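In order, the protein sequence lines correspond to chains A and B. Each residue of the first sequence is one higher than the one before, counting from 0 in numbering that gives the first Met the number 0. Each residue of the second sequence is one higher than the one before, counting from 0 in numbering that gives the first Met the number 0.
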Amino acid sequence: MVASEVAAEAKKGSPVVVGLLVVGNIIILVRPVPVLGAKWLSGLALFAETVWVTADQYRVYPLMGISGKDDVFAGAWIAIFCGFSFFVVASFGVGAALCRHRSMVLTYLVLMLIVFIFECASCITSYTHRDYMVSNPSLITKQMLTFYSADTEQGQELTRLWDRIMIEQECCGTSGPMDWVNFTSAFRAATPEVVFPWPPLCCRRTGNFIPLNEEGCRLGHMDYLFTKGCFEHIGHAIDSYTWGISWFGFAILMWTSVAQSDRQWRGLTQAAAGQVCLPRSPNSEAHSCG
Amino acid sequence: MPLLWALLAFGCLRFGSAVNLQPQLASVTFATNNPTLTTVALEQPLCMFDSSEALTGAYEVYLYVLVDSAGSRNASVQDSTKTPLSSTFQQTEGGRTGPYKAVAFDLIPCSDLPSLDAVGDVSQASQILNAYLVRVGVNRTCLWDPNFQGLCNPPLSAATEYRFKYVLVNMSTGLVEDQTLWSDPIRTNQRKWWAVVG
Chain A
0 MVASEVAAEA KKGSPVVVGL LVVGNIIILV RPVPVLGAKW LSGLALFAET VWVTADQYRV
60 YPLMGISGKD DVFAGAWIAI FCGFSFFVVA SFGVGAALCR HRSMVLTYLV LMLIVFIFEC
120 ASCITSYTHR DYMVSNPSLI TKQMLTFYSA DTEQGQELTR LWDRIMIEQE CCGTSGPMDW
180 VNFTSAFRAA TPEVVFPWPP LCCRRTGNFI PLNEEGCRLG HMDYLFTKGC FEHIGHAIDS
240 YTWGISWFGF AILMWTSVAQ SDRQWRGLTQ AAAGQVCLPR SPNSEAHSCG
Chain B
0 MPLLWALLAF GCLRFGSAVN LQPQLASVTF ATNNPTLTTV ALEQPLCMFD SSEALTGAYE
60 VYLYVLVDSA GSRNASVQDS TKTPLSSTFQ QTEGGRTGPY KAVAFDLIPC SDLPSLDAVG
120 DVSQASQILN AYLVRVGVNR TCLWDPNFQG LCNPPLSAAT EYRFKYVLVN MSTGLVEDQT
180 LWSDPIRTNQ RKWWAVVG
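Have a look at this one:
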């Protein structure tokens with residue numbers, strides 16, 4: 000009954016119904032496509048997400064670049080390649096499934112495997128380097144003490160980064176202003192403790208960036224000094240990049256490899272073996288293979 | 000803040016005699032970084048000398064600094080005629096051979112205490128900080144300035160224990176009227192190398 004009503008509607012030419020019929024026929028005719036379509040979309044999603052990571056909206060790249068441990072971003076670049084490759088290879092896979100050439104399907108499987116391996120590498124690289132950078136504050140603290148206020152090019156770059164973070168996030172040092180007091184640093188070599196125990200940017204300021212009270216800041220009164228450490232913000236930035244690359248990438252990998260249903264796998268292997276399987280009729284579930 | 004006032008009020012219970020009181024480090028609320036490598040911030044002797052009755056006449060408080068050693072608890076800051084010592088930093092080798100006079104300031108009457116809660120007000124902050132704190136070791140130039148007049152308060156040595164004492168001097172007679180005990184040893188900060196980090 001429903002089918003006859005739908006057919007009547009289609010005859011009248013209602014555009015929605017016609018569109019649905021076309022899509023439905025495509026899905027039914029070409030069974031492997033939904034899975035490949037999912038790969039296509041997930042590849043695109045991975046590509047988009049890792050482009051966001053590479054864009055570095057938190058602008059913390061110098062922290063990693065200076066220590067030479069910027070492999071969180073290396074993982075992101077690999078994942079961009081992998082995401083785009085998933086997209087391209089899945090499109091190729093749709094073509095292979097439609098044409099049902101054995102060599103095309105085999106090529107598709109090999110390419111998928113290669114991209115899979117690269118994506119695994121990206122996930123692992125990002126995660127281990129995130130661990131190295133922000134599992135505890137000591138690396139960031141040592142880098143800050145060594146390079147902040149140093150006269151080298153790296154020093155200037157890092158000074159700009161820390162100044163920006165301290166102003167925007169209203170924080171001082173890695174764990175707090177006492178970082179500057181408890182340890183020697185390039186800043187301490189330039190500025191004796193009596194002159195200013197911590198960088199002047201640790202002082203609370205008015206909207207016009209004038210310190211509220213310099214003496215209060217120098218003494219360390221909490222109304223005139225930022226007492227929060229900046230590590231929380233930096234850790235959050237690097238963590239969100241790493242979760243995006245390693246965990247999201249891992250999820251995509253699991254989805255594309257494990258989620259492939261048994262029937263689709265059989266369909267693809269049968270096509271690879273040279274068998275062509277067509278549905279008996281557009282609306283039936285059964286196939287006849289010849 | 001109420002604790003701070005309780006501590007100050009305790010001083011007021013001593014009937015005008017400060018012989019059992021000691022100079023204290025400034026509260027952490029006011030001076031987070033204290034002591035530093037070369038400076039120490041102490042609380043002013045508010046209500047230490049004049050708790051029960053107001054003092055008449057001109058009085059000044061002198062702060063003496065001494066490096067902690069075996070006999071430092073009993074070191075004297077006055078001679079036989081009760082005149083306060085006027086030894087300087089250079090004369091005592093930075094407090095190692097005897098106490099030196101670092102700071103001198105007018106006594107703030109007990110009835111005239113600053114309202115410490117208003118330190119958050121930017122316009123009053125400097126005034127309140129100056130009324131509450133005494134900083135030892137803040138003058139970096141007086142040691143090598145030949146034209147320097149007045150009391151030299153040069154930086155202290157790092158990682159050294161110092162003791163401090165307030166002395167109340169009557170300006171009309173020039174004699175010591177009252178004095179606190181020597182403070183407990185206060186150690187200045189030690190310079191650490193960043194290799195220690197991680």
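In this text, a Cβ means the ideal position worked out from N, Cα and C, and glycines have one as well. Since the model is a prediction, treat every value here as computed from it, not as a measurement.
Practice prompt. Under 7 Å Cβ to Cβ from residue 78 (chain A), same chain only, skipping five residues before and after it: list those, please.
Written response: 45, 49, 118, 121, 244, 248
Worksheet item: Measuring CA to CA, which of A:169, A:107, A:229 is closest to residue 208 (chain A)?
Response: A:169
Fill in: Residue-level contact to chain A via CB, residue 96 (chain B), 8 Å cutoff
no
Item to complete: May I ask which residues mark the beginning and end of the alpha helix (DSSP H) holding residue 74 (chain B)?
Response: Premise fails: residue 74 (chain B) is in no alpha helix (DSSP H) and is neither H nor E.
Worksheet item: Considering only C-alpha positions, which residue in the set A:136, A:39, A:166, A:162 is nearest to residue 186 (chain A)?
Response: A:162
Worksheet item: What in chain B is Cβ-close to residue 196 (chain A), meaning under 7 Å?
Response: 32, 35
Worksheet item: For the beta strand (DSSP E) that residue 161 (chain B) lies in, which residues bound it at each end?
Response: 160-169
Worksheet item: Can you find a CB in chain B that lies within less than 8 Å of the CB of residue 296 (chain A)?
Response: Any question about residue 296 (chain A) goes unanswered here, given that chain A covers just 0 to 289.
Worksheet item: Across which residues does DSSP place residue 83 (chain B) in a beta bridge pair?
Response: B:77
Fill in: Selection from B:31, B:182, B:89, B:26 that minimises the alpha carbon distance to residue 180 (chain A)
B:31
Discussion item. Does the structure place the region 149-166 of chain A close enough to the region 84-94 of chain A that three or more beta carbon pairs sit under 8 Å?
Written reply: no
Worksheet item: Three or more beta-carbon pairs under 8 Å between the region 112-128 of chain B and the region 55-72 of chain B, yes or no?
Response: no
Discussion item. Is residue 162 (chain B) close to chain A? Criterion is C-beta to C-beta, closer than 8 Å.
Written reply: no
Practice prompt. Let me know if residue 59 (chain A) comes out buried or exposed under the rule of 16 or more other beta-carbons within 10 Å of its beta-carbon.
Written response: buried
Worksheet item: Got a sec? Which residues, its chain only, sit under 6 Å from residue 277 (chain A) by beta carbon, not counting five neighbours each side?
Response: In this prediction, residue 277 (chain A) has a pLDDT of 49, which is less than 50 and means its spatial position is unreliable; nothing more can be read from the coordinates.
Worksheet item: Going by C-alpha distance, which of A:62, A:148, A:203, A:104 is nearest residue 137 (chain A)?
Response: A:62
Practice prompt. Check whether the region 22-39 of chain B touches the region 121-139 of chain B, counting contact only when three or more Cβ pairs, one atom from each stretch, lie closer than 8 Å.
Written response: yes
Discussion item. Quick check on residue 78 (chain B): buried or exposed, where buried means 16 or more other Cβ atoms within 10 Å of its Cβ?
Written reply: exposed
Worksheet item: Helix, strand or coil for residue 191 (chain B) per DSSP?
Response: coil
Item to complete: Measure the beta-carbon distance from residue 144 (chain A) to residue 182 (chain A) and round it to whole angstroms, keeping in mind my assumption that it falls under 8 Å.
Response: 6 Å
Worksheet item: Between residue 14 (chain A) and residue 232 (chain A), what straight-line distance do the alpha-carbon atoms span, to the nearest angstrom?
Response: 52 Å
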